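This report refers to the structure that appears directly beneath it.
Number of protein chains: 2
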Amino acid sequence: MPVQPIKITSAEVIDLRVPTSDQMLGSDPFHKEPDYSSAVLHLETDSELRGVSVVFTLGAGTDWICHGIEDLCQLIVGSSLDEFTSSPITLYRRLVDHHQLRWLHDGVFRMAAGAVINAMWDLWAKSLNKPLWKLLVDLDPEFVVDCIDWRNLQDALTREEAIELLSDRRSNVSFRENQMQDLGPKAYCTAGWLGLSDDQILATIRKLQDQGFDSFKLKVGRDLNQDVQRIKFMRDAIGSECNLMVDANQYWGVPEAKHHVEHYRSFGLKWVEEPIARDDVLGYVELSEAFDDADFGFACGEHAASPVIFKQLIKSNAIKFCQIDAVRVAGVNDVMAIILLAAKYEVPVCPHGGGIALCNMIQHYGMWDQIAVAGHSDSQLVEYIDFLQETVDHPVEVREGRYVTPKAHGWGLEFKQDFLRDHAYPDGRIWKSRPVNRKGARFESL
Amino acid sequence: MPVQPIKITSAEVIDLRVPTSDQMLGSDPFHKEPDYSSAVLHLETDSELRGVSVVFTLGAGTDWICHGIEDLCQLIVGSSLDEFTSSPITLYRRLVDHHQLRWLHDGVFRMAAGAVINAMWDLWAKSLNKPLWKLLVDLDPEFVVDCIDWRNLQDALTREEAIELLSDRRSNVSFRENQMQDLGPKAYCTAGWLGLSDDQILATIRKLQDQGFDSFKLKVGRDLNQDVQRIKFMRDAIGSECNLMVDANQYWGVPEAKHHVEHYRSFGLKWVEEPIARDDVLGYVELSEAFDDADFGFACGEHAASPVIFKQLIKSNAIKFCQIDAVRVAGVNDVMAIILLAAKYEVPVCPHGGGIALCNMIQHYGMWDQIAVAGHSDSQLVEYIDFLQETVDHPVEVREGRYVTPKAHGWGLEFKQDFLRDHAYPDGRIWKSRPVNRKGARFESL
């Protein structure tokens with residue numbers, strides 16, 4: 015299918031913030047009052063299409079990402095979609111390996127680079143009238159592998175191994191795609207937010223079960239006794255057949271993690287998520303050895319800053335579930351590498367969806383992984399959160415506990431105009447109308 | 015000594031850029047045309063003192079850091095120096111663990127937080143009429159340990175071990191301080207920048223030897239034969255008694271690093287610096303095991319994004335030289351933790367000084383480490399670069415190959431007013447007067 019000649023003419027970056035902390039949604043021990051937010055990038059073109067991406071944030075700091083994205087967009091305004099599609103790694107390197115900017119490292123810089131890269135992939139998929147997962151599924155193995163920066167990965171997975179892995183899967187792709195044309199990856203949902211009462215949690219579980227969910231997550235990380243009580247409560251509520259996972263959001267050091275997790279052995283947990291710091295690879299190795307005989311494995315990745323951290327966690331067998339995020343690393347190119355690494359080492363990819371619009375993106379990665387890379391197993395759970403889905407043109411849907419396969423082109427991610435206008439920070443209606451002592455109040459440390 | 019009642023009244027943040035790429039100073043395989051730059055923070059107070067710090071950058075991106083520092087300064091303008099000095103960890107946590115901003119991670123966020131923290135330490139030292147190293151040396155062990163965020167470190171070093179380590183050293187502190195009152199840490203210098211000719215390198219070596227240097231570094235990372243030739247050339251030029259180090263600036267993956275470094279065995283190198291990615295802890299473990307019997311050890315740290323990365327590198331014996339940087343992690347508090355970790359595991363601390371004003375800061379850490387923490391050995395080499403020293407009121411000095419002990423208060427880091435004015439980006443004289451096609455030209459990827 016020929017790519018239309020499309021040129022990037024301008025970039026619009028919007029600081030979008032939603033005062034979710036009013037209801038304490040999404041709170042955990044570290045992130046006490048998050049305001050689910052996004053740096054939203056619109057790459058306008060000389061066609062009727064535009065490339066869209068978002069970087070999820072927790073409120074304060076969204077402007078830092080916006081500043082970065084605006085700066086990086088200088089490197090692509092005026093370029094054509096053809097330049098990108100002929101060699102996606104070239105844009106990746108122009109951004110991630112920029113000879114002066116690379117000093118800024120991961121975090122804001124890599125996230126901003128990812129925003130630009132993701133918007134270009136979106137534009138490409140739209141130009142082909144395909145959802146993003148379908149664009150990825152249709153790429154030749156050699157092309158996929160050429161999208162990846164192999165510099166720091168080859169001790170774990172070589173180019174050649176990746177091509178072989180993708181090629182081996184090729185014969186089965188049409189069958190799998192057909193199988194998933196209506197219902198995509200299996201979903202799971204957090205029912206046990208830290209701030210909720212037992213009654214609230216029970217109501218959430220019943221609501222989710224009615225929607226077909228059989229996999230539930232619970233926040234832990236504060237008082238050991240309370241945590242154990244709550245795990246027991248959740249297990250009793252969902253029964254022994256359902257999947258139960260817990261998430262500590264990096265609250266412990268290695269010794270505290272060992273101490274706490276030791277008490278979690280008897281509940282048939284599927285995973286223990288982020289028991290320790292996001293970059294403590296050797297800590298994860300130590301934990302995984304200490305709990306080698308437990309039912310559960312360790313999960314992490316939503317805060318892993320680079321493919322190099324993922325490489326180490328996967329290669330060393332330290333994590334049993336690989337939680338890619340759609341906007342933490344440098345876009346589709348980095349995530350492709352991580353999904354391929356996970357496939358080689360047979361670590362199920364369970365994407366992180368806790369945030370505004372993240373589920374809309376990760377469902378595409380789940381599809382690609384389960385159709386064209388690892389194939390499918392019921393351990394490849396994709397996180398689902400129903401917050402703020404009324405704010406987009408194409409909400410994610412779950413049926414029978416599975417994602418309804420997205421049909422909209424690209425990421426299918428377009429916020430409604432009035433939502434964008436009202437929540438723009440600090441001048442949108444929502445923020446302007448807040449009492450002065452509340453506007454920006456959450457910037458204060460808690 | 016009573017602390018004066020001082021209040022932070024405002025923050026000025028300056029985007030300072032120097033077109034060093036005109037002379038190709040500081041170039042390496044990744045950073046092809048760096049413009050040595052700084053985000054400069056002036057914390058003004060209601061006294062005659064101000065807190066100063068800088069975050070070194072390579073040109074483009076300095077504005078990202080400036081944006082972040084300005085945002086964070088909202089959290090301290092109006093606070094008093096007393097609040098900080100009574101509990102430095104409180105400010106550290108308000109910044110680094112900010113409940114919304116911590117989502118931004120390391121990189122820009124941690125560097126900006128470090129700028130604020132470092133400026134507060136500067137102000138504190140100035141209020142006591144002490145250079146920063148002297149303030150640190152005079153702190154009680156308990157106070158030092160209370161400055162540190164132990165959450166993720168205790169599997170390698172506990173609070174109690176750190177107190178014991180500092181207390182054991184206490185009896186020797188006056189003697190060591192006296193010994194170092196004129197000449198401080200031993201210095202080393204890069205003579206072999208990638209872009210220089212043999213003749214230029216030889217001239218640099220002779221000039222440095224005249225200043226008493228006996229430790230030299232060389233950039234490698236491109237062609238194996240050229241690298242080996244140049245190592246041989248350098249070794250011949252300096253003789254067998256001098257220290258020779260090489261630096262690959264993260265250019266290789268693990269297999270390439272092994273292949274290249276294998277050819278470096280016969281030159282009596284002291285260290286091989288940054289052979290692989292900054293966050294590849296297991297890669298460093300693998301390399302250190304493969305070259306366990308070599309003369310050289312591995313060095314890294316200037317790009318290590320957090321104390322957790324340092325913890326792993328040090329604890330696992332993967333690096334033999336710990337290259338702290340003054341502005342990569344979150345300021346004095348983080349660096350204290352890293353220096354203590356290195357002392358426990360007997361890894362010499364060799365601070366990174368490659369950048370504008372970095373040497374002016376790291377000399378204080380070298381002093382503290384060698385007086386009050388690890389004690390002194392000739393392996394604790396502190397990097398020295400004489401770029402741009404004419405631009406500050408108190409240039410660093412080297413005599414007999416050692417840093418002349420700094421006497422100015424705080425970091426002793428104050429740029430000359432006309433230099434700041436002329437190099438402010440993009441409106442200072444230097445940038446305004448550059449032809450349009452050069453101004454910002456280096457923003458382009460190379």
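Residue numbers (my numbering), protein chains in the order written: chain A, 15 to 460; chain B, 15 to 460. We put the CB at the ideal spot given by N, CA and C, even for glycine. Everything numeric in this text was worked out from a predicted model, so none of it was measured.
Length at least 3, wholly inside the region 192-251 of chain B: the beta strand (DSSP E) runs in chain order: Within the region 192-251 of chain B, the complete beta strand (DSSP E) runs of at least 3 residues are 197-206 and 229-233.
Own chain, CB closer than 6 Å to Gln240 (chain B), minus 5 neighbours either side, in chain order: To locate residue 240 (chain B), count along the second sequence from 1; it is residue 226. Excluding residues within five positions, none has a Cβ falling inside 6 Å.
Proximity to Phe70 (chain A) [Cα-Cα], best of A:Asp169, A:Met125 and A:Arg108: Indexing the first sequence from 1 puts residue 70 (chain A) at position 56. Closest by alpha carbon: A:Met125.
8 Å Cβ cutoff, Pro269 (chain A) in contact with chain B: Counted from its first residue, the first sequence places residue 269 (chain A) at position 255. Yes, contact with chain B.
Within chain B, the residues that Asp294 (chain A) reaches when beta carbons sit closer than 8 Å: On the first sequence, residue 294 (chain A) is found 280 positions in, with the first residue counted as 1. Simply Asn166, Val322, Lys325 and Gln326.
is_contact[Val17 (chain A), chain B] using C-beta, thresh 8 Å: In the first sequence, counting from the first residue as 1, residue 17 (chain A) sits at position 3. At Val17 (chain A) the pLDDT is 49, less than 50, meaning the model places this residue with poor confidence; the figure from the coordinates comes in the next sentence. The Cβ of Val17 (chain A) sits no closer than 8 Å to any Cβ of chain B.
Straight-line gap, Lys231 (chain B) to His390 (chain A) (C-alpha atoms, nearest Å): Here residue 231 (chain B) corresponds to residue number 217 of the second sequence, with the count starting at 1. Here residue 390 (chain A) corresponds to residue number 376 of the first sequence, with the count starting at 1. Approximately 52 Å between the Cα atoms of the pair.
Residue closest to Lys270 (chain A), alpha-carbon to alpha-carbon, out of B:Asn257, B:Trp164 and B:Ile352: Position 256 of the first sequence, counted from the first residue, corresponds to residue 270 (chain A). The sequence shown places Glu at residue 270 (chain A), rather than the Lys named in the question. Comparing Cα-Cα distances from Glu270 (chain A) to each of B:Asn257, B:Trp164 and B:Ile352, the minimum goes to B:Trp164.
Where Phe310 (chain B) falls, given that 16 or more other Cβ within 10 Å makes a residue buried: Reading the second sequence from its first residue, position 296 is the one you call residue 310 (chain B). Buried.
Contact set between the region 169-193 of chain B and chain A, restricted to residues whose Cβ is under 8 Å from the partner: Taking 8 Å as the Cβ-Cβ cut-off against chain A, the residues of the region 169-193 of chain B that qualify are Asp169.
Contact residues within the region 46-60 of chain B, judged by C-beta distance below 9 Å to chain D: In the structure shown, chain D does not exist; the protein chains are A and B.
Runs of beta strand (DSSP E) wholly within the region 324-402 of chain B (minimum 3 residues, chain order): List check, beta strand (DSSP E) in window: 396-398.
Residues that Glu26 (chain A) bridges to, as DSSP identifies them: Here the question's residue 26 (chain A) lines up with position 12 in the first sequence. For Glu26 (chain A), the pairing in a beta bridge is given by DSSP as A:His56.
Outcome for Thr23 (chain B) when other beta-carbon atoms lying within 10 angstroms are tallied against a minimum of 16: Reading the second sequence from its first residue, position 9 is the one you call residue 23 (chain B). Answer is exposed; the Cβ neighbour count stays below 16.
Contact set between Phe457 (chain B) and chain A, taken where Cβ atoms lie within less than 7 Å: What you label residue 457 (chain B) is simply residue 443 of the second sequence in a count that begins at 1. Per Cβ cutoff of 7 Å: Gln88.
Rounded separation between Ala201 (chain A) and Gly73 (chain A) - CA only: Mapped onto the first sequence, residue 201 (chain A) falls at position 187. Mapped onto the first sequence, residue 73 (chain A) falls at position 59. The straight-line gap separating the alpha-carbon atoms of Ala201 (chain A) and Gly73 (chain A) is approximately 26 Å.
Beta carbon of Lys233 (chain B) nearer than 8 Å to that of Asp213 (chain B): Within the second sequence, numbered from 1, the residue matching residue 233 (chain B) stands at position 219. Within the second sequence, numbered from 1, the residue matching residue 213 (chain B) stands at position 199. With respect to the 8 Å criterion, Lys233 (chain B) and Asp213 (chain B) are not classified as neighbours on the basis of their beta carbons.
Min CB distance Thr71 (chain B) to chain A below 8 Å: The count along the second sequence starts at 1 and reaches residue 71 (chain B) at position 57. Chain A has a Cβ within less than 8 Å of the Cβ of Thr71 (chain B).
Contacting positions in the region 115-138 of chain B - beta carbon closer than 9 Å to chain A: The region 115-138 of chain B vs chain A, Cβ under 9 Å: Leu115, Arg116, Trp117, Leu118, His119, Asp120, Gly121, Val122, Phe123, Arg124, Met125 and Ala126.
Cβ neighbour criterion (16 or more within 10 Å) applied to Glu62 (chain A): Your numbering for residue 62 (chain A) matches position 48 in the first sequence. Within a 10 Å sphere around the beta-carbon of Glu62 (chain A) sit fewer than 16 other beta-carbons, which makes this residue exposed.
Beta carbon proximity, Ile290 (chain A) to chain B, threshold 8 Å: Taking the first sequence and counting its residues from 1, one reaches residue 290 (chain A) at position 276. At least one chain B Cβ lies under 8 Å of Ile290 (chain A).
Nearest neighbour of Leu467 (chain A), chosen from A:Lys446, A:Ser181 and A:Phe123 [CA to CA]: This structure does not reach residue 467 (chain A), given that chain A is present from 15 up to 460, and the question cannot be answered.
For Asn257 (chain A), the residue or residues it bridges with in DSSP: Taking the first residue of the first sequence as 1, we reach residue 257 (chain A) at position 243. Beta-bridge pairing links Asn257 (chain A) to A:Ser229.
DSSP beta-bridge partners of Cys314 (chain A): As a first step, residue 314 (chain A) is located in the first sequence; it is residue number 300 there, counting from the start. BP columns for Cys314 (chain A) point to A:Cys336.
For Trp135 (chain A), the first and last residue of its enclosing alpha helix (DSSP H): On the first sequence, position 121 is the one that residue 135 (chain A) refers to. Under the DSSP assignment, Trp135 (chain A) falls in the alpha helix (DSSP H) whose first and last residues are Val122 to Ser141.
Pair within 8 Å by beta-carbon distance, Val286 (chain A) and Val275 (chain A): Within the first sequence, residue 286 (chain A) is the residue found at index 272, counting from 1. Within the first sequence, residue 275 (chain A) is the residue found at index 261, counting from 1. Yes, the pair counts as a contact, with Cβ atoms nearer than the cut-off.
Euclidean distance between Cα positions of Gly442 (chain A) and Asp436 (chain A): For the purposes of this step, residue 442 (chain A) is identified with residue 428 of the first sequence, where counting begins at 1. For the purposes of this step, residue 436 (chain A) is identified with residue 422 of the first sequence, where counting begins at 1. Computed Cα separation, rounded: 4 Å.
Spatial neighbours of Leu210 (chain B) in its chain, beta-carbon cut-off 8 Å, leaving aside the 5 residues before and after: If you number the second sequence from 1, residue 210 (chain B) lands on position 196. Around Leu210 (chain B): Thr218.
Cβ-based burial, Arg244 (chain A) [other Cβ within 10 Å; buried from 16]: Here residue 244 (chain A) is taken as the residue at index 230 of the first sequence, counted from 1. With 16 or more Cβ atoms within 10 Å of its Cβ, Arg244 (chain A) is classed as buried.
Collapsed DSSP secondary structure at Ser67 (chain B) in the structure displayed: What you label residue 67 (chain B) is simply residue 53 of the second sequence in a count that begins at 1. Ser67 (chain B) sits in a strand when the DSSP states are folded into three classes.
Assigned exposure category for Asn143 (chain A) - 16 Cβ within 10 Å defines buried: Within the first sequence, the letter at position 129 stands for residue 143 (chain A). With fewer than 16 other Cβ atoms within 10 Å, it is exposed.
At least three beta-carbon pairs within less than 8 Å, the region 127-143 of chain B to the region 315-328 of chain B: Cβ pair count under 8 Å is below three, so no.
Range covered by the beta strand (DSSP E) that runs through Arg416 (chain B): Locating residue 416 (chain B) in the second sequence gives position 402, counting from the first residue. Annotation for Arg416 (chain B): the continuous beta strand (DSSP E) segment containing it runs Arg416 to Val418.
Local Cβ density within 10 Å of Pro440 (chain A), reported as buried at 16 or more and exposed below that: Working through the first sequence from its first residue, we reach residue 440 (chain A) at position 426. Flag for Pro440 (chain A) reads exposed.
Any chain B beta carbon closer than 8 Å to Ala356 (chain A): As a first step, residue 356 (chain A) is located in the first sequence; it is residue number 342 there, counting from the start. Taking Cβ atoms only, chain B never reaches closer than 8 Å to Ala356 (chain A), which makes this a no.
Below-8 Å beta-carbon distance, Phe98 (chain A) vs any chain B residue: Locating residue 98 (chain A) in the first sequence gives position 84, where the first residue counts as 1. No Cβ of chain B is located within less than 8 Å of the beta carbon of Phe98 (chain A).
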